[in-house]
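As they're listed, the protein sequences go chains A and B. Every position in the first sequence, counted from 1, becomes a number in our numbering once 930 is added. Every position in the second sequence, counted from 1, becomes a number in our numbering once 930 is added. Cβ atoms here follow ideal geometry from the backbone N, Cα and C, with glycine treated the same way. Keep in mind it's a predicted model, so treat the numbers as computed, not measured. Everything on this sheet refers to the single structure shown next.
2 protein chains.
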Amino acid sequence: MKTFDLSLYLVTDRSLSLGRPLKYIVEEAVKGGVTMVQLREKTCSSKEFHELAVQLKQCLQPYGVPLIINDRLDIALACNADGLHIGQNDIPYVIARKLLGKDKIIGLSVENRQDVVEANQCDVDYIGISPVFSTPTKTDAAQALGLPGVREITEISKHPSVGIGGINESNAKEIIRAGADGISVVSAIMSAPDPKCAAFRLSEIINQTKQQP
Amino acid sequence: MKTFDLSLYLVTDRSLSLGRPLKYIVEEAVKGGVTMVQLREKTCSSKEFHELAVQLKQCLQPYGVPLIINDRLDIALACNADGLHIGQNDIPYVIARKLLGKDKIIGLSVENRQDVVEANQCDVDYIGISPVFSTPTKTDAAQALGLPGVREITEISKHPSVGIGGINESNAKEIIRAGADGISVVSAIMSAPDPKCAAFRLSEIINQTKQQP
């Protein structure tokens, strides 16, 4: 049985770590309340990607926090990650599921209504609503959906959802109120002076918002 | 049982195709005598890589020419390729073999004597001696080994070998004479005005050289 908590989902980007090791930031973030971690690497070699994945898997295991690999199904298999996150330009979902098996978490980015309709026809484990706001951390992102887009998507999606793109302490509450089960952040934690503290504050906002009627 | 012929091994590079579709060049090349094809894509999306791989697999199957995928084990699995080619900066060989199974072809690039000693300890199916000559088609390549390097490597390697890097009609003969079982070419076929004819001429050189005492 797959159990995972989308509440506060860290997506990595080493270029935003201000020179600090990825493992340090991830571990601090988890101590602060991050519930899932996605390793996203777009430029390094497969060897380095694999080494990072193995390192993070070992780091996250004791905390029971799932490690999700972005795009690279081979890296997910090689490090026995908990799952894979694919976008609309990655390997097709059906093939990813066949190769990974039913026990792994697979998340799919949706960028518009049509993507959600298609995701509803698959047994994806969650959808990533992308991007909620425009963001400099993902240069190939589609047009920002805004809060109305999040509301529309969460209403029609049959899967749990997480918003991504330009999310931070100032707007996290609105994403949850718009119906998302969680938020994904990149720079709000990767570039925070104190990643643990940043994760803790975001986590507080999410939990408080979820408890409000 | 794995049977493959390293004699004339085309490694793709769409940027050198002079605007012609990859499938066209590959099929012409095979008609001319190419015995193996490696799909190498370093910049496109996983979706596009997968689509190209499926296309080439369908194209090559009737000819009985193996399709090898460069680096991306997930793409190799997803298109049921005949094998995978990995470099020293890709996923470690042992993991690749475990995930692909014993029936698939796995080739490994070697760049120096130490790499060959390590390859000898593995059940790789062939080694790629890389680069034989300096080449503009692979910007991250190690220092050119030259013909003495090919001779040294083929003497100590227990695996079949193919030379790669800067090989064309003018030097193909020397690579075979230096002990390699075949040659890999990129631009010599990808950029040839007539890829079928270019493959045929290279194939003739290789066959004639192998028949000489």
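Asked: Please give the ranges of any alpha helix (DSSP H) in the region 957-1013 of chain B, keeping only runs that are unbroken, at least 4 residues long and fully inside the region.; Found: 976-990 and 1003-1008
Asked: Which residues does DSSP list as the beta-bridge partners of Leu-1171/B?; Found: The question about residue 1171/B has no answer here: the residues shown for chain B are numbered 931 through 1143.
Asked: So, helix, strand or coil for Gly-1076/A, using DSSP?; Found: helix
Asked: Anything in the region 982-994 of chain B with a Cβ closer than 8 Å to a Cβ of chain A? List those residues in chain order, please.; Found: none
Asked: Which residue marks the beginning of the beta strand (DSSP E) containing Ser-1087/B, and which one marks its end?; Found: Ser-1087/B -> no beta strand (DSSP E), and no H or E assigned at all.
Asked: Just mark Pro-992/A as buried or exposed, buried being the case when its beta carbon has 16 or more other beta carbons within 10 Å.; Found: exposed
Asked: Going along the region 995-1012 of chain B in order, which residues come within less than 7 Å of chain A, judged by CB to CB distance?; Found: Asp-1001, Arg-1002, Leu-1003, Asp-1004, Leu-1007 and Ala-1008
Asked: Checking 7 Å against the spacing of the C-beta atoms, do His-1089/B and Val-1054/B come in under that value?; Found: yes
Asked: Just checking: is the beta-carbon of Asp-1020/B within a distance shorter than 7 Å of some beta-carbon in chain A?; Found: yes
Asked: Residues in the same chain with beta-carbon distance under 7 Å from Cys-1127/A, minus the five sequence neighbours each way, listed in chain order, please.; Found: Gly-962
Asked: Nearest-angstrom Cα distance between Asp-1033/A and Tyr-1056/A?; Found: 14 Å
Asked: Name the DSSP bridge partner or partners of Gly-1093/B?; Found: Ile-1059/B and Ile-1113/B
Asked: Per DSSP, what kind of secondary structure is Leu-1038/B in: helix, strand or coil?; Found: strand
Asked: For Asp-935/B, is the beta carbon positioned less than 6 Å from some heavy atom of the ligand GDP?; Found: Absent from the structure shown: the ligand GDP. Ligands present: none.
Asked: DSSP three-state label for Ile-1106/B, please.; Found: helix
Asked: Straight-line CA distance for Lys-1103/A to Leu-1007/B?; Found: 41 Å
Asked: Using a Cβ-Cβ cut-off of less than 8 Å, give me the residues of the region 971-982 of chain B that come near chain A, in sequence order.; Found: Ser-975, Ser-976, Lys-977, Glu-978 and His-980
Asked: How is Ile-928/A classed by DSSP in three states: helix, strand or coil?; Found: Outside the shown range of chain A, which is 931 to 1143, sits residue 928/A, and nothing can be said about it.
Asked: How many angstroms separate the CA atom of Ser-1121/A from the CA atom of Leu-952/A?; Found: 11 Å
Asked: Exposed or buried, what is Cys-974/B when buried is set at 16 or more other beta-carbons lying within 10 Å of its beta-carbon?; Found: exposed
Asked: At a Cβ threshold of 7 Å, is Ile-1025/A touching chain B?; Found: yes
Asked: For Gln-968/A and Pro-1078/A, what's the separation of their Cα atoms in angstroms?; Found: 26 Å
Asked: Comparing the C-beta of Leu-948/A with each C-beta of chain B, is any distance below 7 Å?; Found: no
Asked: So which residues on chain A does Leu-1029/B lean against when the C-beta distance must stay under 8 Å?; Found: Asp-1004, Leu-1007 and Ala-1008
Asked: So, for Asp-1004/A: in the same chain, excluding its five sequence neighbours on each side, which residues have a beta-carbon less than 8 Å away from its beta-carbon?; Found: Ser-976
Asked: Quick check: the region 1039-1053 of chain B against the region 1082-1099 of chain B, are there 3 or more CB pairs under 8 Å?; Found: yes
Asked: For Thr-1139/A, which of Val-1115/A, Asn-1101/A and Val-1080/A has the nearest alpha-carbon?; Found: Asn-1101/A
Asked: Between which two residues does the alpha helix (DSSP H) carrying Leu-1132/B extend?; Found: 1125-1141
Asked: Name the DSSP bridge partner or partners of Asn-1016/A?; Found: Reading off the sequence shown, one finds Ile at residue 1016/A, where the question assumed Asn. Its beta-bridge partners are Leu-1038/A.
Asked: With a cut-off of 8 Å on the beta carbons, I'd call Ile-1036/A and Arg-1027/A a contact; round off their distance for me.; Found: 6 Å
Asked: Check for me: the alpha helix (DSSP H) holding Gln-1044/B runs from which residue to which?; Found: 1043-1050
Asked: To the nearest angstrom, report how far apart Met-966/B and Gly-994/B are at their CA atoms.; Found: 9 Å
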